[in-house]
Amino acid sequence: MGNTLYSNICTTMKRKINYLFPLVVLIWHHFLILLATAEVNLKTDQASLFALKSYVTSDTYNILTSNWTSTTSVCKWIGVTCGSRHQRVTALDISNMGLIGTIPPHLGNLSFLVSVDISNNGFHGILPRELANLHRLEFINVTSNKFTGDIPTWFSLLPELQHLHLAFNSFTGIIPPVICNASKLESLVLGFNQLQGEIPNEIGNLQNLTWLSFGSNQLTGSVPLSLFNISSLQRLVLTNNSLSGNLPVDICSNLPQLMVLALSYNEFDGQIPLGIDKCSKLQILSLSFNKFSGLIPKQIGNLNALSVLYLGRNDLKGEIPEEIGNLRNLEILDAQNCSLSGPLPSSISNLTSLRSLNLYGNELSGTLPWDICLNMPDLRAFDLGNNLFSGSIPKELGNCTSLSELFLRENNLIGELPREIGNLFHLKRLDLHYNFLTGPIPSTIFNMSNIRGISFLGNFFTGNLPPDIGLGLPNLEELYLGYNNLTGAIPNSLSNASNIFRLGIGYNDFSGPFPTSFGNLRRLEYLNVNDNHFTREPSVQELTFFNSLANCRKLRQLWIGYNPLNGNLPASVGNLSNSLNYVYAAYSEIRGRIPSEIGNLSGLSFLFLQGNYLSGFIPRTVRNLENLQALNLYDNKMISGSIPDELCNLKNLGFLSLGNNELCCSIPACLGNITSLRYIYLDSNKLTHSIPPSLWNLNDLLHLDVSSNFLKSSLPPEIGNLKVATMLNISKNQISGIIPSTIGSMQNMAELSFAENRLEGPIPESVGNIVALESLDLSHNSLSGGIPKSMVSLSHLNYLNVSHNRLSGEIPTAGPFANFSDDAFLSNEALCGAARLQITACRSNSSHRKRKKKVLLIVLISLVAASIIMLSVMLTIFFVIRRRKRKSVVATHQADSSPATVHGRVSFRDLQQATNGFSTSNLLGSGSYGSVYKATFGTTVVAIKAFNLQTEGAFKSFDTECEVLRNLRHRNLTKVINSCSSIDFKALVLEYMSNGSLDDWLHSENCSLDIMRRVDIMIDVGSALDYLHHGYFVPVIHCDLKPSNVLLDEDMVAHVSDFGLAKLLGVGESIAQTKTLATIGYIAPEFGLEGLVSTRCDIYSYGIMLMETFTRKKPTDEMFAENSSLRKWIKQSWPHAMDEIIDPELMIPEDKNKTGKMQCLSSIMELALRCTADLPEERMNIKHVLAQLKNIRTMLENVIMH
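Here is the structure:
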């Protein structure tokens, strides 16, 4: 039984094996075929990758060279991944390998490729079309290469494509709409290319998109609404383009997953959408550097997940909403340079996760929060600079122990700096410049070992620097202590802070020998010790500190001006750094010769040595200063010898000032070869011979002054080549001959003087073509003929002197001649003109009648006389009767009829009647372009400004005032009630100011303006300026601010007037140019030199007004002659000799409040000095000036009350 069973089983198995064997053979056969096919396809992949290797021209890390070889399986190559099923290349990742080359078309044969990453290499050229064959491709990353050309449209042919990253290349053209056919795309990153055009509307087709980045391209237009309907979107980055338009109100309605919205650096406008809080998952919101306006929506406070909020550089206004305090996860809050106002919300201390707070450049006010650090343990950057914060710095800020940056610059902070600030051991930057901090600088500040930058510039700090100042500052790189009241010597220990590369201690009262220890600061690049009391070492005559400064091999700028150094320049000055490009050593009592070694400073671009006592020759080694752009040796008085020809080697020279010295001989003709020259000042020397003809060929020359020399010869016709020049002065020489008619070509000339020469012949008619001319002096010559009628058209001419010549004929009366006095025409015996000029009246040109016979004449006269007597009697009787009747009628008419209303249409006859025929008894004042009269319309008293239309400038002035005052409304601006304009008459009807001008009050014999009234007036003027500069949609520059243009109403409220020279800046502009000169003494330096005007020009004028208001000294007073000025006079006495400059009427000796008042006046003078800084960028903003002046008023009020 058992054997039979075994036999059956064996038989059955044999039968099954016989059946299965063919099947096994078949399967094995197919396996061998597949194995052979896979091997063939893998070799195809290998060939494709070998092609890629061959297209690589640089293999920085030798990876492909050493690893991609035929002896190793492709699937084991670095960067290559093969699929386990088909043993084909499915992924290629050769990112970050430092490869340079192009992409071969052979890569299109990697048919199983799913992912390719070649990012962060140096591949260039275009992406080959053959890559469109890779239908399995899901991921492409070519970020950070150098690919060019259009974005390939064949991306749309990849049906499985989910991620496309092309950022940081040089792709150009538009975003192709067909790319939106790749409907499976989840991330599309095209940032940092050069793409242009608009975002295609088809972008909304990509409904699987989670990440979209088009940032840093050149895209324009609005964002298509379809983009905001991609509900899967998590990250949207469009920063740094030129996109515009409003954001939709419901921007977040269909973006529930959005976590990043980055739209900064575009031109979006309108309001921030109120529905922004519907993007409830938002973590990063970046809207900065756009044109958003309106309020910060309080709904932002509902974004609980928000960690980063950028709102800066927009036109936002209003206060920061309290709801901002709800953002407990917020780490970065940046709302810099908006127009936010009001105090910081109290809820801001609830931002417990905050690491950076930047509110720089707003109008925020109030005091600094003392509890800011209690709930912000991670706060690292705190910037409230350029706002209106007041009060003191809370000592509790010393508890912000994580702080690395503290910026409170340009506010109105007062009081002493808390010593607790020194507890901020992690602090790297501390900037408190331009505040009103007082007292000594706490020694703890100089023990912050991690600090890298300290700026206390422009405060009121006093006292000495601690002797160990440099011992605790091993990482300090920048130290700015300028514009304070610091005293004493500079401690030698400062040189232990050996990492300092910028050191500014100018404009203080430091004293003692110039510190030689500066030479130990080997990294020093910038050193400014201007305007202190440093001297030389008393034991030697030379300025030996130059020896030590030679150790500073990186020094680029050296400012040592306005110090009583009183020593000679040593030869070692030539050992200074070759990097030195700027030296300012003016007015420092430097003596002796200029050492020839100065020529070693081959990197020098600017050399200012004016106002010293240098003597001897200009060294010929200056020829080595090939980079020199400006050389100023003016007013040394003792530099002698000839002007060296070697100066002509300086092909970059633009400014040459050698005036007021003892230079002799001829002017080098080769100066005319320096085509870069713009300014040449050679006046007040002993130069002889002629003006080189080559100078007339300097087509770009702006100023040429060779006055007060001994130059001879005549003026050539080539003088007309100076077509862009604005100033030419050859006065006080021995120039002879005629004035060439070609001077009419100098149409930009503003100041022209040929005075005190030997010129003869006529004044050329072409002088009338110099349309920009403002000042013309031809006095003390032998000119003959008449004054050209063409000069009547010189609308900008405000100074003329043709006295002491041989001119004849009639003096014109039209145009600018209506404003010239008799001084302009003295000693011209043959001139005749108006009686006001106190010269001979011109004879009539009518012919004389022939004489009649004596008898006939007597008879006729007798008959006529008899007739006239009879007729006169009859007419007299007739007119007496008629006049009485007419008076009765006029009186009745005036009683029954109302006068011409001042608010209705006003005619010339109305104004004539209201001013009694523009009677001199009604004259309130006169100006450059017209006169102001008091006028009465019924019971209403107004002022009439009638423009003198004999000059074109009056037309422009009238138009400007109409433009400005029509659109501006402010309590402290003159109000225009009406106007009258016709072809031959133009006038403005203004609000009448019964108390005259500030100038009248200040300079009357008995000035009754007390200190508080003067402060109030200047606050009014400041308020007007603030409105002009910041209250209109474009800044308005007054351009002629002075006491006579400040009018006072019956309540002594000040009103700024006279906008005839005003400038309206265009949107986005900060500076303009004018050819019209404002009032001397109140003009900012940049206005007077180049006609450049900005709001900072008005600040300068305001500062001069502050000085004048409290000193009662005009800037044009005779005491301010030559090198003196109102500003210099005040600066010399401030703050220690205030009694010498303040108006005595403000200070009664027995006044118990004198000390307090003097402190307030000292603060006002400091404010005035800051407003009148030479450099526009160093002047204060009117908002800060006004805020500080109001603080001073409060202090003054307290002083007076107590």
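First residue of the sequence shown? That's 1 in full-length UniProt numbering, and the numbers climb one at a time after it.
For every residue, glycine included, the Cβ atom is placed at its ideal position computed from N, Cα and C.
It should be emphasised that the depicted structure is a prediction, and the values quoted were computed from it without experimental measurement.
Requested in this report: Name the residue from Leu609, Ile598, Leu263 whose alpha carbon lies nearest to the alpha carbon of alanine 586.
Outcome: Measuring from the Cα of alanine 586, the nearest candidate turns out to be Leu609.
Query raised in the report: What is the DSSP secondary structure of glutamine 629, counted as helix, strand or coil?
Result: Coil.
Requested in this report: Quick one: using the 10 Å Cβ neighbour count with 16 as the cut-off for buried, is asparagine 699 buried or exposed?
Outcome: Looking at its Cβ environment, which holds fewer than 16 other Cβ atoms inside 10 Å, asparagine 699 is exposed.
Query raised in the report: Between the C-alpha atoms of asparagine 632 and leucine 614, what's the straight-line distance to the nearest angstrom?
Result: C-alpha separation (whole angstroms): 12 Å.
Report task. Measure the alpha-carbon distance for glutamine 271 versus leucine 219 and round it to whole angstroms. Result -> Put simply, the backbone Cα of glutamine 271 is about 21 Å away from that of leucine 219.
Requested in this report: Can you have a look at lysine 1114 and say buried or exposed, based on whether 16 or more other CB atoms are within 10 angstroms of its CB?
Outcome: So lysine 1114 ends up on the buried side.
Requested in this report: Hey, could you find the ends of the beta strand (DSSP E) tryptophan 211 is sitting in?
Outcome: Element bounds for tryptophan 211: 211-213.
**Report entry** Whole-angstrom distance between asparagine 528 and isoleucine 505, CA atom to CA atom
**Finding:** Taking the Cα positions, isoleucine 505 is about 6 Å away from asparagine 528.
Query raised in the report: Does the distance from the CB of glycine 91 to the CB of serine 73 come in under 8 Å?
Result: In the sequence on display, residue 91 carries alanine and not glycine. Contact flag unset, no.
Requested in this report: List in chain order: all unbroken beta strand (DSSP E) runs of 3+ residues lying wholly within the stretch 524-591.
Outcome: Entirely contained in the stretch 524-591, the beta strand (DSSP E) runs reaching 3 residues are, in chain order, 526-528, 533-535, 557-559, 582-584.
Query - Distance between leucine 604 and valine 792 (C-alpha atoms, nearest Å) - result: Taking the straight line joining both Cα atoms gives about 48 Å.
Query - Boundaries (first-last residue) of the beta strand (DSSP E) holding phenylalanine 456 - result: Note, phenylalanine 456: premise wrong, no beta strand (DSSP E); not H, not E.
**Report entry** Sequence-distant residues of the same chain with beta carbon closer than 6 Å to asparagine 435, five excluded per side
**Finding:** Closer than 6 Å at Cβ, skipping near neighbours: Asn411, Leu413, Asn459.
Query raised in the report: Where does glycine 1068 land, buried or exposed, given buried means 16+ other C-beta within 10 angstroms?
Result: Because the pLDDT at glycine 1068 is just 44, under 50, the model does not fix this residue reliably, and the value given afterwards should be weighed accordingly. Burial call: exposed.
Requested in this report: Determine the contact status of leucine 212 and leucine 195, defining contact as a CB-CB distance below 8 Å.
Outcome: No, they are not a contact pair.
Query - threonine 71 versus Lys43, Pro177, Ser84, Asn520, residue with shortest Cα-Cα distance - result: Of the candidates Lys43, Pro177, Ser84, Asn520, the residue whose Cα lies closest to the Cα of threonine 71 is Lys43.
Query - Burial state of glutamate 478, where buried means 16 or more other Cβ atoms lie within 10 Å - result: With 16 or more other Cβ atoms from the protein chains shown falling within 10 Å of its own Cβ, glutamate 478 counts as buried.
Query raised in the report: Can you name the start and end residues of the alpha helix (DSSP H) that threonine 915 belongs to?
Result: Looking at the DSSP string, threonine 915 is not in any alpha helix (DSSP H), and its letter there is neither H nor E.
Query - Rounded Cβ spacing between arginine 1179 and arginine 1096 (contact assumed at less than 8 Å) - result: With a Cβ gap of about 5 Å, arginine 1179 and arginine 1096 count as contacting.
Report task. Please state if the CB of asparagine 326 and the CB of glycine 301 are separated by a distance shorter than 8 Å. Result -> Contact flag set, yes.
Query raised in the report: Is the CB of proline 716 under 8 Å away from at least one CB in chain D?
Result: Given the protein chain composition of this structure (a single chain), no chain D is represented.
Query raised in the report: Quick check: the stretch 352-369 against the stretch 1135-1148, are there 3 or more CB pairs under 8 Å?
Result: Short answer: they don't touch.
Requested in this report: Return the chain-ordered list of same chain residues with a C-beta closer than 7 Å to the C-beta of residue 1213, the five sequence neighbours on each side being excluded.
Outcome: Absent from the structure is residue 1213, since the part of the chain shown begins at 1 and ends at 1202.
Requested in this report: Please look up how many angstroms separate the CB atoms of cysteine 1171 and valine 1093, rounded, as I've assumed it's under 8 Å.
Outcome: Not a contact, Cβ separation roughly 16 Å.
Query raised in the report: Starting from phenylalanine 947 and walking both ways along the beta strand (DSSP E), at which residues does that stretch end?
Result: Here the beta strand (DSSP E) through phenylalanine 947 covers 940-947.
Query raised in the report: What's the gap between the Cα of threonine 621 and the Cα of asparagine 532?
Result: Between threonine 621 and asparagine 532, the C-alpha separation is close to 31 Å.
Report task. Report all residues from its chain with a CB closer than 6 Å to the CB of glycine 616; omit the five preceding and five following residues, and keep chain order. Result -> Only Arg593 meet the Cβ criterion.
Report task. Evaluate aspartate 1005 with the Cβ neighbour count: other Cβ atoms within 10 Å of its Cβ, from every protein chain shown; 16 or more gives buried, anything less gives exposed. Result -> It is worth fixing the name first, because residue 1005 is glutamate in this sequence and not aspartate. Counting of Cβ neighbours within 10 angstroms places glutamate 1005 among the exposed residues, the total staying below 16.
Query raised in the report: With DSSP run on the structure shown, which of helix, strand or coil describes glutamine 1188?
Result: Note: glutamine 1188 maps to helix in three-state DSSP.
Query - Sequence-distant residues of the same chain with beta carbon closer than 6 Å to serine 1044, five excluded per side - result: Excluding residues within five positions, the ones whose Cβ falls inside 6 Å are Ser997, Asp999.
Query - Limits of the alpha helix (DSSP H) - the one that tyrosine 634 falls within - result: Premise fails: tyrosine 634 is in no alpha helix (DSSP H) and is neither H nor E.
Query raised in the report: When the Cα atoms are used, what is the spatial distance from proline 668 to leucine 711?
Result: Rounded to whole angstroms, the gap between the alpha carbons of proline 668 and leucine 711 is 13 Å.
Query raised in the report: When the Cα of arginine 522 is compared with those of Ala550, Phe606, Ala571, Ile276, which residue comes out closest?
Result: Checked all of Ala550, Phe606, Ala571, Ile276; the closest Cα to arginine 522 is Ala550.
Query raised in the report: What are the boundary residues of the beta strand (DSSP E) that includes isoleucine 284?
Result: Per DSSP, the unbroken beta strand (DSSP E) holding isoleucine 284 starts and ends at 284-286.
Requested in this report: Closer than 6 Å by C-beta to asparagine 246: which residues in its own chain qualify, once you throw out the five before and the five after it? Chain order, please.
Outcome: Counting only Cβ-Cβ distances below 6 Å, and skipping sequence neighbours, we find Gly270.
Query raised in the report: Is the beta carbon of leucine 161 sitting closer than 8 Å to the one on isoleucine 175?
Result: Against a cut-off of 8 Å, the Cβ pair of isoleucine 175 and leucine 161 comes out as no contact.
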